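Residue numbers (this note's numbering): 676 to 1507. Beta carbons: idealized from backbone N, C-alpha and C, even for Gly. Being a predicted model, the structure only gives us computed values, none of them experimental.
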DNA sequence: GCTTAGGCTTCG
């Protein structure tokens, strides 16, 4: 923007304020052109809100209705369309524009709305507002949209005219103009208006080859070795670390703190660590670092692609763009140095006998065997191909459930922890997520306490031992709920959620301890299923806390989005974390007909047998077509002709019909005379009514033969792996507005959405019953058109975490976890 | 308030 335009805008603001001061109210629309109605242009770079009147309550565009009370309400959106200034009469104008609510994470219909401006406001809007600007409107009225039938946009229009109408406009500062007058002006305002702002501390970090003995410094480094906190002979826990940086110096660090929470949250080699106030000291002629008074530590995941999320128990810590930069540089440097171990974490399914490995798992139950040995019963959702050691213990010494279904029993590993780890294990609770470091898999071990004589003759089983001592970083860490590893683990454990919900044994693990249940549970719509030992707090208190904490709240559901429940369903890539809408049938059908066009002749690979199949007719009597199919000769020889076919030249509808007769259908096309998969926007696999999608970014898709190893079930995972497809996961994503006496809070429901609804996202994609259940749950928690009195009170567990807003700035986000909607008793048609 | 550990497998 030029200086000149800006001056005129400021003039406009002043003039508008002048008009406001005169306090004229002019309800007569014929006079509206006489008034200059305010278009306030806010400081560039700052969002609207910086100088917005505090009495305005923002209302979300999808929630606008003609029945709403518009007094003191505001609406915010980006100008996505600006119509021409139209003349109604001499000196009277109107202008139509479309604004859209900017919600990148939650999409809903009705995110855009027409706004119609009249009189001088239309003129000013025409002169000062551009497409792309973000504006906040207030003093509007709501009318039915006459164009709703045609544009399908929003059933309402916003009308802005008269004295009360007001627009606040903001636009971003062009990055190429860093010393523009506005930028200068802003900084002047800041320094004069806020002179007592606390001085921003600037931390300096010493490179690891620049450490001088007896100095107290701040350092950054990449962890190349660590021992999780262990009890020292003194009064503290001790963490032992070795870190390095671009100087390639490797420096040992020893941290003593009496609380484990204050120790560095290092979970794996490659993590990035920042320490403030550590002392360099000579020991054996080598520099080591020790924590000193005022010590603080923050750690980060070391993966180049992961979010820069500080891990700390500190309630306040300094973290800015400079830190972000340093972490990024250390990550890329570490990646180039191969510092991150090639075998990061091994699931139970991948354990090799006689190996040492780190296991990420959930503790299901534990039992003391004797003073030097404790049994931890854990699972990670994968099945170890070897028979596992069985340990029999008395039910009365077991904490957590003592018996399980056969299916689950097969997934449970018995871990025996010895000596110093026994004390640590005492603090663990069933349900905890753990990483056990340097666990050893021992084949055929027979001399185990608690073994029955009949089992001791079994020699082909694997035993897991955590030997005494701390060498090689041996130990156990409780992983925080928000760690990506835990989230991934939970996703795999959720595969067994159906068992879990019906298993009485899990109720033992998960049920809320009775002392924390509220008295009036009759009216609650949700139940917490976590075992956090914390008291419920008010939303205002939640907002005052730093991210990284868990809160229990008692709230009502004020609103939610998206309102259209099919939009709740998303596709998620666990590798690159991208989130996609599920493609609609029209788009998919288009991709199929496009693929039909290039289904010319091609030479299939030798492992495929080619044939033709007749498509079952549909009721409309469409022509009977024969399509090319290809079957794996290996599977054919095993008589499994229905298990997997590659189908060419079919329409979406035909594929859908054929899917009734084949377990797995992979649609293919001809590309440069060889077989290829369709564009990955289309499902790469049809399994009955279920469709599976792959990530475009993370897949290297090609038609390859699945390794089936005889008995193995051919499912979407086996096929995705064979085809080089990174399988996208169905997830449910919603944004809920919670409310209690102290205010409202926007929270996400995502990670535990399946638990919340008792419905799997995959089922929600195909099963009307599952969809109905989600709808009924939301209707029960937030009755449509109902008043606040009808909304049940909900007991909710919230996790606060650090996320990034659209501008890459840190923002505290909230997520509902460990919470289940109770089967609504208020809805009549609830299935049993 | 002071000390603790200061890597480097394996009894069970």
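| said: If distances are taken between C-alpha atoms only, which option among 1381, 839 and 1000 comes closest to residue 746? | reply: 839
| query | Residue range of the beta strand (DSSP E) that residue 969 falls in? | reply | Run containing residue 969: 961 to 975, per the beta strand (DSSP E) assignment.
| To which residues of the same chain is residue 1215 closer than 7 Å at the C-beta, ignoring the five residues directly before and after it? | Counting only Cβ-Cβ distances below 7 Å, and skipping sequence neighbours, we find 1417 and 1418.
| C-alpha gap between residue 975 and residue 1329, whole angstroms | 49 Å
| Beta-carbon proximity list for residue 1402, same chain, < 7 Å, skipping 5 on both sides | 1367, 1369, 1391, 1392 and 1395
| When the Cα of residue 1521 is compared with those of 1427, 1067, 821 and 1359, which residue comes out closest? | The question about residue 1521 has no answer, for the chain in this structure spans 676 to 1507.
| field | Beta-bridge partners of residue 1442, as assigned by DSSP | value | Answer is none; residue 1442 lacks a bridge partner.
| query | Among the residues of its own chain, which have a CB less than 8 Å from the CB of residue 756, if the five just before and after it don't count? | reply | 772, 773 and 806
| field | Inside the region 992 to 1075 only - alpha helix (DSSP H) runs reaching at least 4 residues | value | 996 to 1011
| What are the uninterrupted segments assigned as beta strand (DSSP E) that are 3 or more residues long and contained completely in the region 1245 to 1306, given in chain order? | 1254 to 1256 and 1283 to 1289
| What's the C-alpha gap between residue 1347 and residue 1278? | 10 Å
| message | With H, G and I counted as helix, E and B as strand and the rest as coil, what does DSSP make of residue 1390? | response | coil
| field | Alpha carbon of residue 1052 to alpha carbon of residue 981, nearest angstrom | value | 31 Å
| residue 1113, enclosing beta strand (DSSP E) - first and last residue | 1108 to 1118
| Whole-number beta carbon distance between residue 1474 and residue 1157, since they are thought to touch under 8 Å | The C-beta separation of residue 1157 from residue 1474 comes to about 6 Å, placing the pair in contact by the 8 Å criterion.
| message | Here's a check: name, in chain order, each residue in its chain whose Cβ is nearer than 6 Å to the Cβ of residue 1357, leaving out the five neighbours to either side. | response | 1263 and 1266
| request: Could you say which of 897, 1059, 763 and 1044 lies nearest to residue 1067 if we only look at CA atoms? | output: 1044
| Cβ neighbour criterion (16 or more within 10 Å) applied to residue 968 | Exposed, because fewer than 16 other Cβ atoms sit within 10 Å of the Cβ of residue 968.
| request: Assign residue 878 to one of two classes, buried (16 or more other C-beta atoms within 10 Å of its C-beta) or exposed (fewer than that). | output: exposed
| said: Here's the rule I'm using: 16 or more other beta-carbon atoms within 10 Å means buried, otherwise exposed. How should residue 1239 be labelled? | reply: exposed
| Do residue 1411 and residue 1228 come within 8 Å of each other at the CB atom, strictly closer than that value? | no
| task | With residue 1166 as the anchor, note down where its alpha helix (DSSP H) starts and where it stops. | result | 1159 to 1169
| message | Here's the rule I'm using: 16 or more other beta-carbon atoms within 10 Å means buried, otherwise exposed. How should residue 1449 be labelled? | response | buried
| residue 1101 - containing alpha helix (DSSP H), residue span | 1095 to 1101
| message | I need the straight-line Cα distance from residue 836 to residue 813, nearest angstrom please. | response | 10 Å
| Just curious, the beta strand (DSSP E) that residue 1203 is in, first and last residue? | 1201 to 1203
| query | What did DSSP end up calling residue 896 once you bin it into helix, strand or coil? | reply | Annotated three-state conformation of residue 896 is strand, per DSSP.
| message | Mapping the DSSP letters down to three states, classify residue 889 as helix, strand or coil. | response | coil
| Counting along the chain, where does the alpha helix (DSSP H) carrying residue 795 start and finish? | 794 to 803
| field | When 973, 767, 915 and 1432 are compared against residue 797, the one with the closest alpha-carbon | value | Sorting 973, 767, 915 and 1432 by C-alpha distance to the C-alpha of residue 797 places 767 at the top.
| residue 1234 versus 1471, 934, 789 and 1454, residue with shortest Cα-Cα distance | 1454
| Can you tell which of 1435, 1286 and 903 has the C-alpha that lies nearest to the C-alpha of residue 1495? | 1435
| query | Where DSSP assigns a beta bridge to residue 1486, which residues make up the other side? | reply | 1478
| Contact under 8 Å by Cβ, residue 894 with residue 828 | no
| task | Give the DSSP-derived three-state secondary structure of residue 736 in the structure shown. | result | helix
| Which residues bound the beta strand (DSSP E) around residue 1323? | Unbroken beta strand (DSSP E) run through residue 1323: 1320 to 1323.
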